[in-house]
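Chemist:
Residue numbers (the numbering used here): 354 to 491.
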């Protein structure tokens, strides 16, 4: 075999080794990550002249309520977030808030039921205290 043919075989073998392996479409790569939503929460901290909105992007599971999302934000992103709720303690109504301008119970409002435009960035879910409630914090 000539030297020229030997070099040609080496180059071909190198190209085959360096080629990226094809991904088998039948492989299960696991479930896709849960979708995320943005909650825009009206907050009032002591010392603030005016209330302001803070945005929090979180993962939401199917069936999550706004209360689940608020508690997840407090647990994972913002421990200073104050969320009043007494679900299953015979005080129904304590988690009442305005969600996108409508008064609702946070424990009863499913995140999936709130509008989101998949083609564009999803609209934030706006969460405010009830109109007749004076906020103690947040």
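Glycine residues also receive a C-beta, built at the ideal position from the N, C-alpha and C atoms.
Going by other Cβ atoms of all chains shown within 10 Å of its Cβ, with 16 needed for buried, is residue 367 buried or exposed?
Modeler: Taking the first residue of the chain shown as position 1, residue 367 is located at position 14. Here the model assigns residue 367 a pLDDT of 48, short of 50, so the residue's position is not dependable, and the following value carries that caveat. Answer is exposed; the Cβ neighbour count stays below 16.
Chemist: So who's on the other strand from residue 405, going by DSSP bridges?
Modeler: For the purposes of this step, residue 405 is taken as the residue at position 52 of the chain shown. Residue 405 pairs with 396.
Chemist: Within a Cβ cutoff of 7 Å, which residues of the same chain sit near residue 399, ignoring the five residues on either side of it in sequence?
Modeler: By one-based count along the chain shown, residue 399 stands at place 46. Excluding sequence neighbours, residue 399 sits near nothing in its chain.
Chemist: Checking the sheet assignment: what are the DSSP bridge partners for residue 463?
Modeler: Within the chain shown, the letter at position 110 stands for residue 463. DSSP, once it has assigned bridges, lists 418 as partnering residue 463.
Chemist: Can you give me the C-alpha to C-alpha distance between residue 385 and residue 411, rounded to a whole angstrom?
Modeler: Residue 385 sits at position 32 when you count from the first residue of the chain shown. Residue 411 sits at position 58 when you count from the first residue of the chain shown. For residue 385 and residue 411, the distance between alpha carbons rounds to 15 Å.
Chemist: Which stretch, first to last residue, makes up the beta strand (DSSP E) that contains residue 454?
Modeler: The residue you call residue 454 lines up with position 101 of the chain shown. Careful: residue 454 lies outside any beta strand (DSSP E) and carries neither H nor E.
Chemist: Can you tell me where the beta strand (DSSP E) with residue 431 in it begins and where it stops?
Modeler: As a first step, residue 431 must be located in the chain shown, where it is residue number 78. First-last for residue 431: undefined, no H or E at that position.
Chemist: Can you tell which of 435, 414, 419, 436 has the C-alpha that lies nearest to the C-alpha of residue 455?
Modeler: As a working note, residue 455 is residue 102 in the chain shown. With distances taken between Cα atoms, residue 455 lies closest to 419.
Chemist: Just how far apart, CA to CA, sit residue 387 and residue 421?
Modeler: Position 34 of the chain shown, counted from the first residue, corresponds to residue 387. Position 68 of the chain shown, counted from the first residue, corresponds to residue 421. Going from the Cα of residue 387 to the Cα of residue 421 covers about 14 Å.
Chemist: Cα separation between residue 445 and residue 439?
Modeler: Taking the first residue of the chain shown as 1, we reach residue 445 at position 92. Taking the first residue of the chain shown as 1, we reach residue 439 at position 86. Whole-angstrom Cα-Cα distance: 7 Å.
Chemist: Considering only C-alpha positions, which residue in the set 413, 394, 451, 406 is nearest to residue 465?
Modeler: Residue mapping note: residue 465 aligns to position 112 of the chain shown, counting from 1. Selected option, being the one with the closest Cα: 413.
Chemist: What span of residues does the beta strand (DSSP E) with residue 480 cover, start to end?
Modeler: Taking the first residue of the chain shown as position 1, residue 480 is located at position 127. 478 to 481 is the span of the beta strand (DSSP E), which, as asked, contains residue 480.
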